[in-house]
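Peer 1: Listed in order, the protein sequences are those of chains A and B. Residue 46 is where the first sequence starts when you use my numbering, and the numbers rise one by one after that. Residue 46 is where the second sequence starts when you use my numbering, and the numbers rise one by one after that.
Number of protein chains: 2
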Amino acid sequence: MTKENIDTPALLVDAPALERNLEAMQRLADGFGLALRPHAKTHKSPALARLQIEAGARGITVAKVGEAEVMAEAGLEDILIANQVIGETKLDRLVRLAERARTAILVDGVEGVQALEQALARRGLEMEVMIEVDTGKRRCGLERLEDILDVVRAIEKARHVRLRGLETHEGHVADGARSAEDLRTRAQAAGQRLVEVAEALRDRGIEIRELSVGSTPAAPYTGAVPGLTEMRPGTYVFNDVNQMAIGQATPSDCALSVLATVMSRPAPGRAVLDAGSKSLFAERVRPGFAGEYSGFGFIREAPGAVISSLSEEHAVVDLNGEALRVGDRVKIIPNHVCPCVNLHEETYVVRGGEVVDVWPIAARGKVR
Amino acid sequence: MTKENIDTPALLVDAPALERNLEAMQRLADGFGLALRPHAKTHKSPALARLQIEAGARGITVAKVGEAEVMAEAGLEDILIANQVIGETKLDRLVRLAERARTAILVDGVEGVQALEQALARRGLEMEVMIEVDTGKRRCGLERLEDILDVVRAIEKARHVRLRGLETHEGHVADGARSAEDLRTRAQAAGQRLVEVAEALRDRGIEIRELSVGSTPAAPYTGAVPGLTEMRPGTYVFNDVNQMAIGQATPSDCALSVLATVMSRPAPGRAVLDAGSKSLFAERVRPGFAGEYSGFGFIREAPGAVISSLSEEHAVVDLNGEALRVGDRVKIIPNHVCPCVNLHEETYVVRGGEVVDVWPIAARGKVR
Numbered sequence: 046m047t048k049e050n051i052d053t054p055a056l057l058v059d060a061p062a063l064e065r066n067l068e069a070m071q072r073l074a075d076g077f078g079l080a081l082r083p084h085a086k087t088h089k090s091p092a093l094a095r096l097q098i099e100a101g102a103r104g105i106t107v108a109k110v111g112e113a114e115v116m117a118e119a120g121l122e123d124i125l126i127a128n129q130v131i132g133e134t135k136l137d138r139l140v141r142l143a144e145r146a147r148t149a150i151l152v153d154g155v156e157g158v159q160a161l162e163q164a165l166a167r168r169g170l171e172m173e174v175m176i177e178v179d180t181g182k183r184r185c186g187l188e189r190l191e192d193i194l195d196v197v198r199a200i201e202k203a204r205h206v207r208l209r210g211l212e213t214h215e216g217h218v219a220d221g222a223r224s225a226e227d228l229r230t231r232a233q234a235a236g237q238r239l240v241e242v243a244e245a246l247r248d249r250g251i252e253i254r255e256l257s258v259g260s261t262p263a264a265p266y267t268g269a270v271p272g273l274t275e276m277r278p279g280t281y282v283f284n285d286v287n288q289m290a291i292g293q294a295t296p297s298d299c300a301l302s303v304l305a306t307v308m309s310r311p312a313p314g315r316a317v318l319d320a321g322s323k324s325l326f327a328e329r330v331r332p333g334f335a336g337e338y339s340g341f342g343f344i345r346e347a348p349g350a351v352i353s354s355l356s357e358e359h360a361v362v363d364l365n366g367e368a369l370r371v372g373d374r375v376k377i378i379p380n381h382v383c384p385c386v387n388l389h390e391e392t393y394v395v396r397g398g399e400v401v402d403v404w405p406i407a408a409r410g411k412v413r
Numbered sequence: 046m047t048k049e050n051i052d053t054p055a056l057l058v059d060a061p062a063l064e065r066n067l068e069a070m071q072r073l074a075d076g077f078g079l080a081l082r083p084h085a086k087t088h089k090s091p092a093l094a095r096l097q098i099e100a101g102a103r104g105i106t107v108a109k110v111g112e113a114e115v116m117a118e119a120g121l122e123d124i125l126i127a128n129q130v131i132g133e134t135k136l137d138r139l140v141r142l143a144e145r146a147r148t149a150i151l152v153d154g155v156e157g158v159q160a161l162e163q164a165l166a167r168r169g170l171e172m173e174v175m176i177e178v179d180t181g182k183r184r185c186g187l188e189r190l191e192d193i194l195d196v197v198r199a200i201e202k203a204r205h206v207r208l209r210g211l212e213t214h215e216g217h218v219a220d221g222a223r224s225a226e227d228l229r230t231r232a233q234a235a236g237q238r239l240v241e242v243a244e245a246l247r248d249r250g251i252e253i254r255e256l257s258v259g260s261t262p263a264a265p266y267t268g269a270v271p272g273l274t275e276m277r278p279g280t281y282v283f284n285d286v287n288q289m290a291i292g293q294a295t296p297s298d299c300a301l302s303v304l305a306t307v308m309s310r311p312a313p314g315r316a317v318l319d320a321g322s323k324s325l326f327a328e329r330v331r332p333g334f335a336g337e338y339s340g341f342g343f344i345r346e347a348p349g350a351v352i353s354s355l356s357e358e359h360a361v362v363d364l365n366g367e368a369l370r371v372g373d374r375v376k377i378i379p380n381h382v383c384p385c386v387n388l389h390e391e392t393y394v395v396r397g398g399e400v401v402d403v404w405p406i407a408a409r410g411k412v413r
């Protein structure tokens, strides 16, 4: 099968670029002396998770119990669900999963610990948790030491819950960063904050084995903070326009494209592609400091063109002098690769112009 | 099964609200003397398409060949693919589909007509097409009469392609409308433009049987333009916050909600739900004139709260004094219901607090 036989829209993975990305991140983590636990939400594919493990990763990260179930089913054995797990049905599934694969979750409240304890006790199982610390993202996670200590005490009371350490997602450091130096400063402040919390807990005699950070844009910087033990970047396997906008990737580092067809040339200067927000996702590029990317994706074959608007099944392209004809096929680098991948059922793996594999995106849409 | 047993996030359909919406739109179309051909992209469910036909619709509209295949497989018999179909693989599928169900597509260029002709000729089949006219949306569709005449001539030359009429999607009229009156003026201008093009073609002896418009926000207005024959609204079955923002729906008219669980209360005034952009989609509300809706969805149980940001698996809620506890379940009305539904595999149909049915979203993700 060649690329020419693939119907559009479709995801293409450039195998050599992917392999370079896998190796580069493993080398970065090794250089920092950190374990790598990549976030599989970016690719949602057991095949790719196995490549990450083969490249040296200690285990994987996922966001949902449903993603963990798919990965465990495919033989992945060490899984961190980097999220709170709330609700009886989900906790029952979590505990059954933990019987098959080494599984840990995040907690950021006493209720979460207590509900987990009850679910574990029903089946006589133990599980490790990490306390999520808010280092600036203002999403989940605790900021104040007294709140963190409340959770530690709840864990100490629970007979089946064990504290592995502290976790943060410092993805916010790329928002509004004005330069690579600014990004470095912000990433290291987030990492430093996690270490400070750990020291404060250790001063009180609390054992904190693991300190885990995670975010691709912060990865080159956060890991340099002494005291951390693990990093969990996700996007790096594919990269995307967000990564290009902060100078961490060029188009040739972007391993994933959405193949699309020009389906209309209704007016001079305007083309319409058959890939819309149902294929690309509709996120604007995070403003960066390394280039201007105003559109909804970067068209490799027409870098001067701008995808000015998306409907569900249409990408409207301002051609800006680029030539595209009806029937032409183009490869679009998505702005944010993770939610884009989630919209597709498989990726075509391409090497030297040939399709060498098709990977099911088996954990696609596993929102529960 | 009761609502309490459903794991989150999940789609809930309020059956009585849905039935009211189905009846109201059919009555509107009947009042205008127009045939109703609802756009099934909103629900992507054969079960719901059948309800639309039973309520009086003449057929259905879809956006992709893959959606049409699912609907034909489920027994739907009269399908307009309101999109250009470009590419040999897709055209082959289209022609095979047309052997099973009455199928028509849009064209807006000579190349599209010629490629369709070749695909039809290979199997000795005929198909009707509608010429897409751009009445202001600036997406696909032709504006200039001379371009439209070029397409008409290509259709006349093609032996297997028949011209059914003209089509427009006037969805742009709701963008930036300042009042209901402004919306009416803009919708009717779009409908009027379609009629003018038809008259110009008829003056040249060209037969135009059908004039089809389609958009839920424009539906109460466009249909009043004399000369139209068909309308294709989609969103009306469920409604959404976009519809609330222009005063065409109240929360009780919104038949679809995303059920979510509060999974974290990490700081005073902030809650985090387990439904993110992978469950709600990440579109801002279209600015309207009937209410301020700044968040990423409307929480029925906490109308004063605002979903201030979404990650893939998190909705961050500014509580603004509303009370939500970890474990509470809430129903969120999505901003734009169509791409939200596309993220889920099934809808739970609820009547009187009981789950009375589960509809597979069988045409979910059919981007080809």
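We treat Cβ as the ideally placed atom computed from N, Cα and C, and that holds for glycine. Remember, predicted model here, so these are calculated numbers, not experimental data.
Using Cβ-Cβ distances below 7 angstroms, what residues of the segment 129-146 of chain A are close to chain B?
Peer 2: Listed by position along the chain: GLN129, ILE131, GLY132, THR134, LYS135.
Peer 1: Could you name the residues of chain B that LYS323 of chain A contacts, counting a contact when the two beta carbons are closer than 8 angstroms?
Peer 2: As a working note, residue 323 of chain A is residue 278 in the first sequence. Near LYS323 of chain A (Cβ distances below 8 angstroms), the residues of chain B are PRO384, ASN387, GLY410, VAL412.
Peer 1: Give me the Cα-Cα distance between LEU211 of chain A and ARG223 of chain B, rounded to the nearest whole angstrom.
Peer 2: Translated into the one-based positions of the first sequence, residue 211 of chain A becomes position 166. Translated into the one-based positions of the second sequence, residue 223 of chain B becomes position 178. Using only the alpha carbons, I get a separation of about 50 angstroms.
Peer 1: Between which two residues does the alpha helix (DSSP H) containing SER324 of chain A stretch?
Peer 2: Position 279 of the first sequence, counted from the start, is the residue given in the question as residue 324 of chain A. That run of the alpha helix (DSSP H) goes 322-325.
Peer 1: Is there a Cβ of chain B sitting closer than 8 angstroms to that of ALA290 of chain A, yes or no?
Peer 2: Reading the first sequence from its first residue, position 245 is the one you call residue 290 of chain A. Not one chain B Cβ lies under 8 angstroms of ALA290 of chain A.
Peer 1: Beta-carbon of VAL240 of chain A versus every beta-carbon of chain B: anything under 8 angstroms?
Peer 2: Residue mapping note: residue 240 of chain A aligns to position 195 of the first sequence, counting from 1. By this cut-off, VAL240 of chain A is not an interface position.
Peer 1: With distances taken Cα to Cα, identify the nearest neighbour of ASN284 of chain A among A:ASP52, A:GLU64, A:MET46, A:ILE51.
Peer 2: Taking the first residue of the first sequence as 1, we reach residue 284 of chain A at position 239. Closest option to ASN284 of chain A, Cα to Cα, is A:GLU64.
Peer 1: For VAL218 of chain A, decide whether its Cβ has a neighbour in chain C, counting only Cβ atoms nearer than 8 angstroms.
Peer 2: Structure shown: chain C not included; protein chains present are A and B.
Peer 1: Is there a Cβ from chain A that is less than 8 angstroms from the Cβ of ARG167 of chain B?
Peer 2: As a position in the second sequence, residue 167 of chain B is number 122, starting the count at 1. Judged by the 8 angstroms Cβ criterion, ARG167 of chain B is not in contact with chain A.
Peer 1: Classify GLY279 of chain B as helix, strand or coil using the three-state DSSP reduction.
Peer 2: To locate residue 279 of chain B, count along the second sequence from 1; it is residue 234. Of the three classes helix, strand and coil, the one that applies to GLY279 of chain B here is coil, per DSSP.
Peer 1: Touching or not, the segment 376-383 of chain B and the segment 302-311 of chain B, by the rule of three or more beta carbon pairs under 8 angstroms?
Peer 2: These segments touch.
Peer 1: Using a Cβ-Cβ distance cut-off of 8 angstroms, determine whether GLY154 of chain B contacts chain A.
Peer 2: As a position in the second sequence, residue 154 of chain B is number 109, starting the count at 1. Yes, GLY154 of chain B lies at the interface with chain A (some Cβ there is under 8 angstroms from its Cβ).
Peer 1: Run through DSSP, which three-state label would LEU79 of chain B get?
Peer 2: Translated into positions along the second sequence, residue 79 of chain B becomes position 34. LEU79 of chain B: coil per DSSP, three-state reduction.
Peer 1: Does any residue of chain B bring its CB to less than 8 angstroms from the CB of VAL351 of chain A?
Peer 2: Within the first sequence, the letter at position 306 stands for residue 351 of chain A. By this cut-off, VAL351 of chain A is not an interface position.
Peer 1: With a cut-off of 8 angstroms on the beta carbons, I'd call LEU62 of chain B and ASP298 of chain B a contact; round off their distance for me.
Peer 2: As a working mapping, residue 62 of chain B is identified with position 17 in the second sequence. As a working mapping, residue 298 of chain B is identified with position 253 in the second sequence. The question names Leu, yet the displayed sequence has Ala at residue 62 of chain B. 6 angstroms between Cβ atoms; contact.
Peer 1: What number of angstroms, rounded off, separates the C-alpha of ALA118 of chain A from the C-alpha of ASP52 of chain B?
Peer 2: As a first step, residue 118 of chain A must be located in the first sequence, where it is residue number 73. As a first step, residue 52 of chain B must be located in the second sequence, where it is residue number 7. The question names Ala, but residue 118 of chain A in the sequence shown is Glu. Looking at the two C-alpha atoms, the distance is approximately 21 angstroms.
Peer 1: Keeping to the same chain, check which residues put their C-beta closer than 7 angstroms to that of ARG396 of chain B; ignore five residues upstream and five downstream.
Peer 2: If you number the second sequence from 1, residue 396 of chain B lands on position 351. Once the five neighbours on either side are set aside, the close Cβ partners of ARG396 of chain B are ALA60, PRO61.
Peer 1: Which first and last residues belong to the beta strand (DSSP E) in which TYR393 of chain B is found?
Peer 2: Numbered from its first residue, the second sequence carries residue 393 of chain B at position 348. Run containing TYR393 of chain B: 391-396, per the beta strand (DSSP E) assignment.
Peer 1: With distances taken from CA atoms, which of B:VAL351, B:PRO278, B:HIS88 is nearest VAL58 of chain B?
Peer 2: Here the question's residue 58 of chain B lines up with position 13 in the second sequence. For VAL58 of chain B, the nearest C-alpha among the options comes from B:HIS88.
Peer 1: DSSP on ALA62 of chain A, reduced to helix/strand/coil?
Peer 2: Start at 1 with the first residue of the first sequence, and residue 62 of chain A comes out as number 17. Here ALA62 of chain A sits in helix by DSSP.
Peer 1: Does any CB atom of chain A fall closer than 8 angstroms to the CB of ARG184 of chain B?
Peer 2: Here the question's residue 184 of chain B lines up with position 139 in the second sequence. Judged by the 8 angstroms Cβ criterion, ARG184 of chain B is in contact with chain A.
Peer 1: Could you tell me which chain B residues have their CB closer than 7 angstroms to the CB of LEU187 of chain A, listed as they occur along the chain?
Peer 2: On the first sequence, residue 187 of chain A is found 142 positions in, with the first residue counted as 1. Going along chain B in sequence order, the residues near LEU187 of chain A (Cβ under 7 angstroms) are PRO311.
Peer 1: Let me know the beta strand (DSSP E) ranges lying completely inside the segment 343-376 of chain A, each 3 residues or longer, listed in chain order.
Peer 2: Entirely contained in the segment 343-376 of chain A, the beta strand (DSSP E) runs reaching 3 residues are, in chain order, 351-355, 360-363.
Peer 1: Residues bridged to HIS84 of chain B by DSSP?
Peer 2: Translated into the one-based positions of the second sequence, residue 84 of chain B becomes position 39. Answer by DSSP bridge pairing, in chain order: B:THR106.
Peer 1: Taking 8 angstroms as the CB-CB cut-off, is ASP319 of chain A touching chain B?
Peer 2: For the purposes of this step, residue 319 of chain A is taken as residue 274 along the first sequence, with counting starting at 1. Yes, ASP319 of chain A lies at the interface with chain B (some Cβ there is under 8 angstroms from its Cβ).
Peer 1: What does DSSP give as the partner residues of ILE150 of chain A in its beta bridges?
Peer 2: Within the first sequence, the letter at position 105 stands for residue 150 of chain A. Bridge partners of ILE150 of chain A: A:ILE126, A:VAL174.
Peer 1: Rounded to a whole number of angstroms, what is the C-alpha to C-alpha distance between ALA160 of chain A and ILE131 of chain A?
Peer 2: Mapped onto the first sequence, residue 160 of chain A falls at position 115. Mapped onto the first sequence, residue 131 of chain A falls at position 86. If I take the Cα positions, the gap works out to 8 angstroms.
Peer 1: Write down every uninterrupted run of the alpha helix (DSSP H) in the segment 230-270 of chain A whose length is 4 residues or greater and which is fully enclosed by it, in chain order.
Peer 2: Fully enclosed alpha helix (DSSP H) runs of 4 or longer: 264-267.
Peer 1: Less than 7 angstroms between C-beta atoms, sequence neighbours within five positions excluded: which residues of the same chain meet that for ARG103 of chain A?
Peer 2: Here residue 103 of chain A is taken as the residue at index 58 of the first sequence, counted from 1. Counting only Cβ-Cβ distances below 7 angstroms, and skipping sequence neighbours, we find ALA80, LEU81, ARG82, ASP123.
Peer 1: Is GLY186 of chain B closer than 8 angstroms to GLU215 of chain B when the C-beta atoms are compared?
Peer 2: Stepping through the second sequence from its first residue, residue 215 of chain B is reached at position 170. Stepping through the second sequence from its first residue, residue 186 of chain B is reached at position 141. It is not a contact, given that the beta carbons lie outside the stated cut-off.
Peer 1: Check whether the Cβ atoms of MET175 of chain B and LEU151 of chain B sit closer than 8 angstroms, and answer yes or no.
Peer 2: Taking the second sequence and counting its residues from 1, one reaches residue 175 of chain B at position 130. Taking the second sequence and counting its residues from 1, one reaches residue 151 of chain B at position 106. Yes, the Cβ-Cβ distance between MET175 of chain B and LEU151 of chain B is below 8 angstroms.
Peer 1: Counting only runs of 4+ residues fully inside the segment 281-324 of chain A, write out the alpha helix (DSSP H) ranges in chain order.
Peer 2: Fully enclosed alpha helix (DSSP H) runs of 4 or longer: 286-290.
Peer 1: Contact check, LEU369 of chain B vs VAL361 of chain B under 8 angstroms by CB: the rounded distance?
Peer 2: On the second sequence, residue 369 of chain B is found 324 positions in, with the first residue counted as 1. On the second sequence, residue 361 of chain B is found 316 positions in, with the first residue counted as 1. That pair is no contact at about 12 angstroms.
Peer 1: Got a sec: is the Cβ-Cβ distance from LYS89 of chain A to anything in chain B below 8 angstroms?
Peer 2: Residue numbering aside, residue 89 of chain A sits at position 44 when the first sequence is read from its first letter. Judged by the 8 angstroms Cβ criterion, LYS89 of chain A is not in contact with chain B.
Peer 1: Considering only residues of the same chain and omitting the five flanking positions on each side of PRO274 of chain B, which have a CB-CB separation below 8 angstroms?
Peer 2: For the purposes of this step, residue 274 of chain B is identified with residue 229 of the second sequence, where counting begins at 1. According to the sequence provided, residue 274 of chain B is Thr. The question's Pro does not apply to it. Closer than 8 angstroms at Cβ, skipping near neighbours: LEU79, ALA80, GLY210, ARG254, GLU255, LEU256, SER257.
Peer 1: In whole angstroms, give me the CA-to-CA distance for ARG204 of chain B and VAL140 of chain B.
Peer 2: In the second sequence, counting from the first residue as 1, residue 204 of chain B sits at position 159. In the second sequence, counting from the first residue as 1, residue 140 of chain B sits at position 95. In a straight line, the C-alpha of ARG204 of chain B is about 15 angstroms away from that of VAL140 of chain B.
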